[in-house]
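Each step along the sequence shown adds one to the number in this note's numbering, with nothing skipped, and position 381 is 468.
Structure first, then comments.
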Amino acid sequence: MKPPRTNPPATDSSTPLKRALTTSSLYFFILGDVLGAGVYVLVGQVAAESGGAVWAPLLVALCLALLTAASYAELVTKYPRAGGASHYAALAYGPFLGFLAGFCMLASGIVSVAALARGFGGDYLSEFISLPVVLVTVVFLTALALLNARGIRESTRANVVATIIEVGGLLLVIGLGAWIMLRGDGDTGRLTDLGTSREGPVGAVLSGAVLAYYSFVGFETSVNVAEETRDPRRSYPRALFGALLTAGAVYALVGLAATVAVPTEELTESSGPLLEVVRMAGGVPTELFSAIALVAVANGALLTGIMSSRLAYGMARDGLLPRFLTTVLPGRRTPWAAIATTAVLSLLLALTGDVATLASTLVLLLLVVFFLVNTSLLVLRRDTAPQDHFRAPTLVPVLGALSCILLATRIEHDVWLRGLLVLTVGAGLGVIAAVRSRRSS
Numbered sequence: 088m089k090p091p092r093t094n095p096p097a098t099d100s101s102t103p104l105k106r107a108l109t110t111s112s113l114y115f116f117i118l119g120d121v122l123g124a125g126v127y128v129l130v131g132q133v134a135a136e137s138g139g140a141v142w143a144p145l146l147v148a149l150c151l152a153l154l155t156a157a158s159y160a161e162l163v164t165k166y167p168r169a170g171g172a173s174h175y176a177a178l179a180y181g182p183f184l185g186f187l188a189g190f191c192m193l194a195s196g197i198v199s200v201a202a203l204a205r206g207f208g209g210d211y212l213s214e215f216i217s218l219p220v221v222l223v224t225v226v227f228l229t230a231l232a233l234l235n236a237r238g239i240r241e242s243t244r245a246n247v248v249a250t251i252i253e254v255g256g257l258l259l260v261i262g263l264g265a266w267i268m269l270r271g272d273g274d275t276g277r278l279t280d281l282g283t284s285r286e287g288p289v290g291a292v293l294s295g296a297v298l299a300y301y302s303f304v305g306f307e308t309s310v311n312v313a314e315e316t317r318d319p320r321r322s323y324p325r326a327l328f329g330a331l332l333t334a335g336a337v338y339a340l341v342g343l344a345a346t347v348a349v350p351t352e353e354l355t356e357s358s359g360p361l362l363e364v365v366r367m368a369g370g371v372p373t374e375l376f377s378a379i380a381l382v383a384v385a386n387g388a389l390l391t392g393i394m395s396s397r398l399a400y401g402m403a404r405d406g407l408l409p410r411f412l413t414t415v416l417p418g419r420r421t422p423w424a425a426i427a428t429t430a431v432l433s434l435l436l437a438l439t440g441d442v443a444t445l446a447s448t449l450v451l452l453l454l455v456v457f458f459l460v461n462t463s464l465l466v467l468r469r470d471t472a473p474q475d476h477f478r479a480p481t482l483v484p485v486l487g488a489l490s491c492i493l494l495a496t497r498i499e500h501d502v503w504l505r506g507l508l509v510l511t512v513g514a515g516l517g518v519i520a521a522v523r524s525r526r527s528s
């Protein structure tokens with residue numbers, strides 16, 4: 088029988104990265120990533136899938152996300168280092184699945200940044216100025232990479248300001264929804280509209296929960312900055328669950344406001360559904376909300392860029408990616424090679440504009456990652472740690488893995504085909520990484 092591994096305590100000298108994040112800054116990091124651009128554009132699509140009552144799939148998605156979040160909390164506090172899901176899967180299953188998990192995370196992160204960069208140069212920006220999307224994309228991604236390379240402290244400070252603005256915009260929507268209802272223009276009857284012509288209430292809520300789940304993912308990006316957190320064993324669970332519950336409360340209230348204020352048909356046909364609430368209420372300039380949306384897009388891209396670069400750094404240190412990605416900027420102690428590489432890949436995707444195929448597979452890729460994380464936790468329970476860490480009940484990772492399977496069954500066939508193509512590429516590269524790992528061991 089294989090003897091249990093003992094993990095050395097994570098001290099500041101155990102990592103070349105600078106430990107600069109406190110509990111509060113990590114809380115804002117996670118909250119800012121979860122309260123990203125998704126909620127500003129997905130409410131209408133969630134309503135279309137669920138039948139109108141947006142709050143129900145949002146709450147279901149929150150509960151399912153909390154299951155996997157609990158698994159992450161245990162793994163992060165037990166193994167507080169960059170690499171995240173890739174590191175956990177490698178410990179539990181070996182280099183092949185470790186690479187596959189990291190590849191899925193890395194691919195989704197790079198594509199997400201590319202999509203957000205192009206979104207930044209779209210209709211929201213056009214409310215103020217018309218510039219070529221290519222020019223905006225190049226400047227936008229360059230600025231994000233420079234801020235990322237400057238330091239995690241500076242990046243998270245910018246995130247705190249942006250998160251406050253994002254939350255302010257969502258609170259504005261909640262307040263306007265309440266005002267619409269108080270003046271008698273809202274329809275509370277839509278709050279119980281569940282089910283569509285294609286599916287009954289349960290199936291419709293689950294289909295809506297797939298899209299709503301995308302609004303909650305983002306918490307996993309914080310795993311890759313655990314190594315830059317001062318006391319991850321104490322700080323991470325508090326910041327993670329606090330941020331998710333805060334986001335869940337805000338999302339549920341936004342869903343209630345949008346459902347009551349705007350007819351379902353108008354909500355589902357709009358590419359800016361929350362802007363419809365602002366228009367319905369009146370009195371607030373639409374340009375103001377467009378500015379808030381731009382901040383949300385930029386903040387989401389910044390945090391996802393941080394995740395991608397730290398993930399690449401962690402995978403390279405585990406021998407799953409080229410070693411040069413572990414190069415750290417002197418003085419700043421930030422992984423500049425990983426930052427530059429992921430930024431260039433995002434730029435190439437954004438400039439070609441061919442991101443729709445990969446973007447539609449993001450949820451599927453993350454469900455693969457989350458399934459591996461939940462099952463890895465069960466495998467790694469045989470390991471011991473010299474210090475106390477967060478421990479989730481055994482039923483939680485089991486339910487977390489089953490929730491990933493459940494949501495995957497609600498994903499459309501054509502998305503599965505595109506996702507399998509990405510997974511095939513990742514599997515091929517994973518075989519190469521596994522062979523190299525065996526040769527070097």
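Where is the CB? At the ideal position from N, CA and C, for every residue including glycine.
Fair warning: this is a prediction, and the values are worked out from it, not measured in the lab.
- The shortest C-alpha to C-alpha distance from glycine 282 to any of Val121, Ser294 and Asp272 is the one to Ser294.
- Closest in alpha carbon position to valine 522, among Ala339, Leu434 and Leu408, is Leu408.
- The Cβ-Cβ distance between arginine 277 and glycine 139 falls below 8 Å.
- Fully enclosed alpha helix (DSSP H) runs of no fewer than 4 residues occupy 125–137, 142–165 and 172–180 of the segment 111–197, in order along the chain.
- At a Cβ-Cβ threshold of 8 Å, alanine 330 and phenylalanine 306 count as neighbours.
- In its chain, beyond the 5 residues on either side, Leu445, Leu452, Val509 and Gly513 have a beta carbon closer than 8 Å to the beta carbon of alanine 194.
- With contacts defined as CB atoms closer than 8 Å, glutamate 253 and asparagine 386 qualify as a contacting pair.
- One alpha carbon belongs to tryptophan 142, the other to isoleucine 261, and they sit about 13 Å apart.
- With fewer than 16 neighbouring CB atoms inside 10 Å of its own CB, proline 372 falls in the exposed class.
- Closest by C-alpha distance to aspartate 120, out of Thr333, Leu434 and Ala348, is Thr333.
- Assignment of threonine 316 by DSSP, reduced to helix, strand and coil, places it in the strand class.
- Contact between alanine 160 and proline 319 is absent: CB atoms are separated by about 10 Å, not below the 8 Å threshold.
- Taking a contact as a CB-CB distance under 8 Å, the pair leucine 118 and threonine 316 does not count as one, their CB atoms being some 15 Å apart.
- Closest in alpha carbon position to aspartate 501, among Leu465, Arg468 and Thr448, is Thr448.
- The three-state reading of DSSP puts threonine 471 in strand, counting E and B together.
- With 16 or more other Cβ atoms from the protein chains shown falling within 10 Å of its own Cβ, aspartate 405 counts as buried.
- Leucine 146 is positioned such that its CB atom lies no closer than 8 Å to that of alanine 336.
- Valine 128 places its beta carbon 8 Å or farther from that of threonine 391.
- Pro167 is the residue among Ala383, Cys191, Pro167 and Gly487 whose C-alpha sits nearest the C-alpha of serine 309.
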